[in-house]
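First the structure, in the form of C-alpha cells, and then the observations on it.
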Amino acid sequence: MRKRYVVLTLYIIFLMLPIYWLLNMSFKTTNEILGGFSAYPRDFTLDSYRTIFTDPTWYNAYINSITYVAINTVISVVIALPAAYAFSRYRFLGDKHLFFWLLSNRMAPAAVFVLPFVNLYSAVGLFDTPWAVALAHTLFNIPLAVWILEGFMSGVPKELDETAYVDGYSFPAFFLKIFLPTISAGIGVAAFFCFMFSWVEMLLAKNLTSVSAKPIVAAMTKTASTSGYELGLLAAAGVLTLIPGAIVIYFVRNYIAKGFALGRV
Amino acid sequence: MAEIRIENLRHSYSANPQSDEDFALKRLSITWQDGGAYALLGPSGCGKTTLLNLISGLLTPTEGKILFDGKDVSNASPEERNIAQVFQFPVIYDTMTVYDNLAFPLRNRGVPEGEIKIRVAEIADMLELTKTLHKRASGLTADGKQKISLGRGLVRPDVNVIMFDEPLTVIDPHLKWQLRSKLKELHLRTKRTMIYVTHDQTEALTFADQVVVMNLGEVVQAGTPIELFERPQHTFVGHFIGSPGMNVLPCEVRGGKAVFAGMPVDVANIQSAGNRGRMEIGVRPEFVSIARAGISADVVRVADAGRYRIVETRSHGHTIKLLLKEGEEVPQSTTFLAFDPSHTQIYEDGWIAGAHR
Amino acid sequence: MNKTLNNKAWWLVLPVFLMVAFNALLPLMTVVNYSIQETFGNNEFFWSGTTWFEQILHDGEFHASLKRQLIFTGLILLIEVPLGLVIALCMPRNGPWVSVCLVLVALPLLVPWNVVGSMWNIMALPDIGLLGKGINALGITFNYTRQPISAWFTVVLMDVWHWTSLVVLLCYAGLVAIPDAYYQAAKVDGARPWAVFRYIQLPRLKHVLTIAILLRFMDSFMIYTEVIVLTGGGPGSTTKFLSIDLVQKALGGFDLGPAAAFSIVYFLIILFLSWLFYTLMMREEAK
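Structure, rendered in C-alpha cells:
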C-alpha cells in the first residue's frame, strides 16, 4: 500500500477506536461499564436504545434538534452567500473591518450570551421554539459561513465572472448556474460546519427552550440527573446523534469532492 | 519538433462505452506535419479539448494510437512526450517571480543555471517580459500571465509541440489582437509545431495554416482557411465559418439541374449529385448578387457592417443573405438574386455531394 | 484579486450585518453594563468603574489559568494544523473511497461535547478504560485523575481526536477546489510532488488554513464542556483553563460584575490574538 494510504488508515483507526468504545458502552449496562474493562459487551443489552425509542421526550428531542439545525443551516448559508461574494469581489467602505468584526462574534464564550438571549427571545415571543435556537445560532454560524465561502470564492478568478457576462449571462443566472457550481466544495463544507456547530451547541439550545422545543442536548442531561450517571443511556444517545450528521456529510460529499475543472470543453 | 500522427483515435469518458454516443471523440485519423501552425475549431462540446488533452498526454485514449515522429506515445506521460500547454485561464506559480516561473521547467530537468539564465532572457525578450522578470508573477495582468504560461512552453528547446486551449478567453478585447499577432510571429520565428484550440473562427483562421473543424466529436473538415471558406465540405462548416455564414437552401435535383423554389440554379458539383437524402444548396453571401432575373426575393433588413452591408432577404419562406460593397445600390423591396455557379454547391445530408467520407 | 470599488456591495452584506448585530450588540451591552457596576442584591446597582477590571488583572489565579490556556492552545495548534493538512493530502480525491473517508473523518466532530468528555473520561480510566489500561499495560504508570502530566496528555489527545477532522475537512475541500489545470501544468513542466505541494497546493490553501487556524485558536481558547466533564479542571487545578475559571467565578458570587469583567478581558485577549494571526496570514493580500 502506498505510504499515504498507510498514514490515512492509521488516522482513521485512531478516530474509530473511541467511536467503537462509545458503541461498546451503548450496549452495556452502566454497572458493567463501571465494573471493569471489557472490549465487547459481556452482557449485551438493548435497554438504552429501547428507552430512547420508546420515550417520547427522546424522539421528540431529536426532531426538535433536527428542526432548528436545519433552519439555521439554511438561513446561515443563504444569507452568507451574497455577503461572501461582496467581500470577495468588491472593495467598499469598512469592508476589512466588517469582515473581521463578523468573526469576532465567535470570540466570546456562549455563556456570556445566555442571559441576554433569554431576555431577547422571550421579548420577541420566540422562547421555547426552534426558531429561537436557530436564530441564536446564526450569531456564530453566519460569520463562519461567510468566512469559509469567501475563502473559496477568492480562489475563483474574476475572469470567470467577466467571461460569463460577455457570453450574455445575467447576474442571477451567472451566480446560480456557473459560480455556485465552481465553489461547491466551499458550500459543502460551510453547510456541514453550520450543521455541526449548531447540532452540538448545548448552552444556548438548553436555555432557550423548555418543554415543547426541547432539543436532544437537553434531553441528554436527563441522564445525569435522577439515578446518578446513566452511562449506557448517554452512550446510546451519543451514538444516535451521530446518525443525522453522518447523513448530512454523506449528502454534501459530492459538493466537497467535486473539483473545479477549468474551462469548458 | 515532431510530426504528429493520430490513428483511429476514439475516446470515451466512461469506463465501459457501449454505443457511439458514449464516445466524446468518434473515430478520427489526422497527420500534422512538423513545424506547422494548426487550429482545432469548433463549438463548445465538439471534442476539441478532449483531442488536445489526448495529444498532450493528460488523457489516455480509449482506442487508437498517437505517434510522435513514428514513436507510439499513446500511453506516455506529458513529461515524456515533451509537450507544452497553455490553458484557458492563466496558470502560473503565484509565489514565484516571473523569472523563476520561466526557469521552472528547465530547473526540473536539471539544466545548469548559466544556461537557464540565457534561455530565460531570450524568451523574455521574445515575449516582451524582460522588464517584469524580477516581479512576482501574481502581480501581472491577465495577458502578462498568459505570456508567462506561453514562455514556460517556449523555454524548453526540445519541445515537440505547443498546445493552446482557448488561450485568449480572459484577455481584454483590445489586447487580443496584439497577443494573437505575437503568437503568429512566435510561430514563424521558432518554427515549433503549434496546435491551437478555439471556438472563435477569427483566431483559428488568422493563426493557422491548416484548420481542423470539429463538431460532435468528429472531424468535419480539415484544410487551409481558403479551402474552408470557398469549398466547405459540410453545411456545418459553411455556417460556422464566415460572418455571416453560408446560406443553406433546400433543393431538388430534377433533370440534371438543381432546383430551388421552382427555379433552376447552376451549381458547381451537379455531376456528383443524386437525389440522396436531404438535398441542399449552399452559397456564401459573398457570392450572391443582385440581378435582373433569377430567384425572386423580398428585402427584409439591411445591416451596416462598415465596409460592406449585409442584406437579408426572404425568398419562398427561406432567408438568403448577401453582401453589398460600399457604393452599391440597395435594392428595392423586391428583387432578383443570382448565385455565382462556381461557388454554389449541392449538399446531401449536410455533406457536399461527391465527397468521400 | 483586483477588487472593484463598489459601495453598493453593502446591500449584499446587509442581511448578514443585521442578523449578527441583532444577536451581538444587545448582549454585549448587557455584559458591559454589568462589568462596570456593583450590586449587593435587590437589583440595586452602583457604579464601580474599573474596579472589577483591575481586580481581574491582578488576580493570580487568572494569570495561572491564562498561562495554562496559552500552553494548551499552543499545543493544539502545533499538533492539529500540520496533522490535519497531512491527512487531507492523504485522502483520495476521486473514487468510491471518498465517501467512506469523508463520513468516517467527520464522525468525531458530530459527537456532542459532553459525550466526548464522558467517553474519554471512561476510556482513560486506568482500570476500566481502553486507553488507560492500554498505557498502563505498556509499563507506564498512567492515571489522569492523579497525575497532571497524564491529565494534560489525555486532554490534548481528546482534543486532537475531536477536532483535527475540522482541519482535515477544510484543507481537503481547499485542495479539491484547486483547478485541474494547475496540476496539469505542473505535470507538463515536470514538477516533482514536493514542488507541486510547495508552489501550487500550499499557496492556494492559504485562505483555508487561515480559517482553520483561527477557528481552532478561538475554540480551543474557549474550551469548556469537554474538559470539565473529563477532568473537572483537575487534578487540583492543573487543567483549569480560562473558561473553567470564569464559570467558577461566575457561579461563586451573586455579583455578576467580576465575571462580566472577566468575560470582557477574555474576549479582548481572543480578539487581539485573532487579529494578530489574521493580519500575519493575510499580509500578502494587501497589494
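Chains as they are written, first to last, in the working numbering: chain A, 274 to 538; chain B, -15 to 341; chain C, 151 to 437. Backbone N, C-alpha and C define an ideal beta-carbon position, used for all residues, glycine too. For clarity, every value in this text was computed on a predicted model and none was experimentally measured.
Whole-number beta carbon distance between residue j and residue i, since they are thought to touch under 8 Å
i	j	result
B/Asp149	B/Val75	Actually they are not in contact, since the Cβ atoms of B/Asp149 and B/Val75 sit about 10 Å apart, beyond 8 Å.
A/Ser377	C/Leu421	6 Å
B/Ser58	B/Ile50	5 Å
B/Ile225	B/Pro216	7 Å
C/Ile373	C/Phe347	At roughly 31 Å, the Cβ-Cβ gap does not stay under 8 Å, so C/Ile373 and C/Phe347 are not in contact.
B/Leu138	B/Glu187	About 19 Å; that fails the 8 Å criterion.
A/Tyr523	C/Val253	6 Å
B/Glu270	B/Leu307	6 Å
C/Pro408	C/Trp202	5 Å
A/Phe470	A/Leu417	7 Å
Collapsed DSSP secondary structure at residue i in the structure displayed
i	result
B/Arg238	strand
A/Tyr335	helix
A/Lys487	coil
B/Met198	strand
C/Gly407	helix
C/Phe196	strand
A/Val342	helix
A/Ser349	helix
B/Pro275	Before going further, note that residue 275 of chain B is Ala rather than Pro in the sequence given. Looking at B/Ala275 - three-state DSSP - the assignment turns out to be strand.
C/Ala159	helix
A/Arg526	helix
A/Arg275	coil
B/Ile330	strand
A/Gly511	helix
C/Gly282	helix
N-terminal and C-terminal residue of the beta strand (DSSP E) that residue i is part of
i	result
B/Asp149	Val145 to Asp149
C/His312	Element bounds for C/His312: not the beta strand (DSSP E) but the alpha helix (DSSP H), Pro298 to Val326.
B/Tyr180	Thr177 to Thr182
B/Glu264	Met263 to Val267
B/Phe323	Thr318 to Phe323
B/His302	His302 to Lys309
B/Ala287	Ile279 to Asp288
B/Gln162	Unbroken run through B/Gln162 is the alpha helix (DSSP H), Pro157 to Thr174; no beta strand (DSSP E).
B/Ile294	Tyr292 to Ser299
Host alpha helix (DSSP H) of residue i (start-end)
i	result
B/Phe88	Val82 to Asn92
A/Arg323	Asp320 to Thr327
B/His(-5)	From DSSP, B/His(-5) is part of no alpha helix (DSSP H) but of the beta strand (DSSP E) over Ile(-12) to Ser(-4).
B/Met247	Note, B/Met247: premise wrong, no alpha helix (DSSP H); beta strand (DSSP E) at Met247 to Val249.
A/Ile306	Thr303 to Gly308
C/Tyr332	Asp330 to Val338
B/Val221	Thr219 to Phe224
A/Arg315	Where A/Arg315 is concerned, there is no enclosing alpha helix (DSSP H), given that its DSSP letter is neither H nor E.
C/Val377	Thr375 to Leu380
C/Phe367	Lys356 to Phe371
Exposure label - residue i; buried when at least 16 CB within 10 Å
i	result
A/Ala446	exposed
A/Leu262	The structure shown does not extend to residue 262 of chain A, since chain A is modelled only from 274 to 538, so the question has no answer here.
C/Lys217	exposed
C/Gly213	Before going on, a small fix: residue 213 of chain C reads as His here, not Gly. Exposed, since its Cβ has fewer than 16 Cβ neighbours within 10 Å.
B/Val272	buried
C/Thr291	exposed
B/Tyr331	buried
B/Lys115	exposed
B/His(-5)	buried
B/Asp282	exposed
C/Phe172	exposed
A/Ser427	buried
C/Thr154	exposed
C/Asn156	exposed
A/Tyr278	exposed
Contact test: residue i Cβ vs the ligand COA heavy atom, cutoff 6 Å
i	result
B/Leu113	Among the components modelled here there is no ligand, and therefore nothing to report on the ligand COA.
- Message: Threshold first: 4 residues or longer. Then list the alpha helix (DSSP H) segments lying entirely within the stretch 419 to 483 of chain A, N to C.
- Response: DSSP runs (the alpha helix (DSSP H)) wholly in the stretch 419 to 483 of chain A: 431 to 439, 457 to 473 and 476 to 480.
- Taking only runs of the alpha helix (DSSP H) that begin and end inside the stretch 7 to 67 of chain B, which ones reach a length of at least 4 residues, in chain order? For the stretch 7 to 67 of chain B, whole alpha helix (DSSP H) runs of length 4 or above, ordered along the chain, are 32 to 40 and 62 to 65.
- Every unbroken beta strand (DSSP E) within the stretch 199 to 278 of chain C, with a cutoff of 3 residues, ordered by chain: Segments of the beta strand (DSSP E) lying fully in the stretch 199 to 278 of chain C: there are none.
- Complete runs of the alpha helix (DSSP H) confined to the stretch 108 to 144 of chain B [at least 4 residues]: For the stretch 108 to 144 of chain B, whole alpha helix (DSSP H) runs of length 4 or above, ordered along the chain, are 126 to 138.
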